[in-house]
Amino acid sequence: MIIKTVAYPRAALIGNPSDGYNGKTIAFVFRNYSAEVRLYETPELELLPAKRDNNVFADLDALTSDVELYGYYGGIRLLKAAVKKFNEYCHRHGLKLEKKNFTMRYSSTIPNRLGLAGSSAIITAAMRAMCEFYHIRLAPAILANIVLSTERDELGIPAGLQDRVAQAYNIPVYMDFDASYLNEHGIGRYEAIEIPDGLNLYVAYRTDLAEGSEVLHSRLREEYEARVPHVVAAMREWAELTEQVRACLGSREFDRIPALLDRNFDLRCEVCANAVSEKNRRMVELARSVGASAKFTGSGGAIIGTYEDEKMFRRLADVLRNERIDVIKPEIVTSGEIR
């Protein structure tokens, strides 16, 4: 029997990057793209490479293009770290695993290294596959914690809980990462939230840009832990923006949301100016030039925003396409399905 599991890309609607700094966010996953893992029983444990693990190239330019697209590390390290963390978690919590091995392979259509949580999607799908294979049940909040530990502790990837929570719950989630609550419970406050169809959302991403989140988070972490006043104030404001968007969604006051999304990005530029590249700024500026709102979905490379009507969406798509930026309407996952 072949087990197939999936996980979807994440878009932060509001509040990021405060999720790693005891802030508040709202995020969702969307099914336009996905990471898929296939797992089946075999005599030995084997992890199979995918396209992003390629080490044979036609020429120098092909290698250079591959590095620009995927970075220096492929997906096998994600699978290895996921297997290790899964095994350690089960042993630590007395969850007995059957003595059997598997072969695991992955694939992903999620645009890579563009702030859409593609790496955590692969790890989440791998965790789901192993849970099914070994008949282990993990609550979504616990799954999110294990995925975060896999990335942060095993692989040294700077990250917060937001992406993993959205991918683990598979529904739009309001998240409160209050420090005292986290310390006491080991998880944040997570609540399902509705993102009504009447809110016209788009997601856009550059096809000529790939960059990790390391530059943003390394400096931000240092300044936050040093309690630099303007950084602490920014985290507080991002949390307040999240609360305001949450209220607007509940009251269907969609006309108030664009300015709040714009402020989320503008505040990032004030606090993390050196971590916002020229191409990323340009993407936001282009979207706003047609009247759409715009902010990062994550740490850069992709944006999310609102548009008024189909006419504006067509203008948005035309303007962005001229600079190698793809635009989609996200198909938000709302039912929590994982298969």
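Residue numbers (the numbering used here): 324 to 662.
The beta carbon of each residue, even a glycine, is placed where N, CA and C say it ideally should be.
- Taken through DSSP and simplified to helix, strand or coil, Leu418 comes out as coil.
- For Asn339, the three-state secondary structure derived from DSSP is coil.
- Within the same chain, no residue comes within 6 Å of Glu517 by CB-CB distance, once the 5 residues on both sides are set aside.
- Between Thr328 and Ala452, the beta carbon gap of about 4 Å places them in contact (Cβ cut-off 8 Å).
- Relative to Ile433, the option among Lys423, Val526 and Leu336 whose CA is nearest is Val526.
- With a 10 Å radius around the Cβ and a threshold of 16 neighbouring Cβ atoms, Phe425 comes out buried.
- Positions of the beta strand (DSSP E) runs, each at least 3 residues long and wholly inside the segment 391 to 436, are given as 424 to 431 in order along the chain.
- In the structure shown, Glu593 falls within a helical segment according to DSSP collapsed to helix, strand and coil.
- Cβ-Cβ distances below 7 Å link Leu368 to Asn424 and Phe425 in the same chain, with the five nearest sequence neighbours on each side left out; the list follows chain order.
- For the pair Phe351 and Ile655, the CB atoms are nearer than the 8 Å cut-off.
- Restricted to the segment 475 to 517, the beta strand (DSSP E) segments that are unbroken, complete and at least 3 residues in length are 496 to 499 and 512 to 515, listed in chain order.
- Following the DSSP letters along the chain, one finds Arg638 inside the alpha helix (DSSP H) bounded by residues Glu633 to Arg644.
- The alpha helix (DSSP H) runs lying completely inside the segment 549 to 591 and spanning 4 residues or more are 552 to 574, given in chain order.
- Beta-carbon to beta-carbon, Leu402 and Leu439 are separated by about 19 Å, too far to satisfy the 8 Å threshold.
- Taking the Cα positions, Arg544 is about 8 Å away from Tyr344.
- The DSSP-derived three-state label of Ala625 is strand.
- A check of alpha carbon separations from Tyr393 across Ser442, Thr365, Asp382 and Arg361 identifies Ser442 as the nearest.
- In this structure Thr620 is in contact with Ala334, their Cβ atoms being roughly 4 Å apart against a cut-off of 8 Å.
- Contact between Ala444 and Pro332 holds, with the beta-carbon distance rounding to 6 Å and staying under 8 Å.
- Annotation for Ser430: Glu359 and Ala373 place their beta carbon closer than 7 Å to its own, counting only its chain and skipping 5 residues before and after.
- The residues Ile325, Lys327 and Arg428, in chain order, have a CB closer than 6 Å to that of Arg361 in the same chain once the five nearest residues on each side in sequence are set aside.
- Within the DSSP bridge table, the entry for Val650 names Ala527 as partners.
- It is roughly 17 Å from the alpha-carbon of Pro495 to the alpha-carbon of Pro340.
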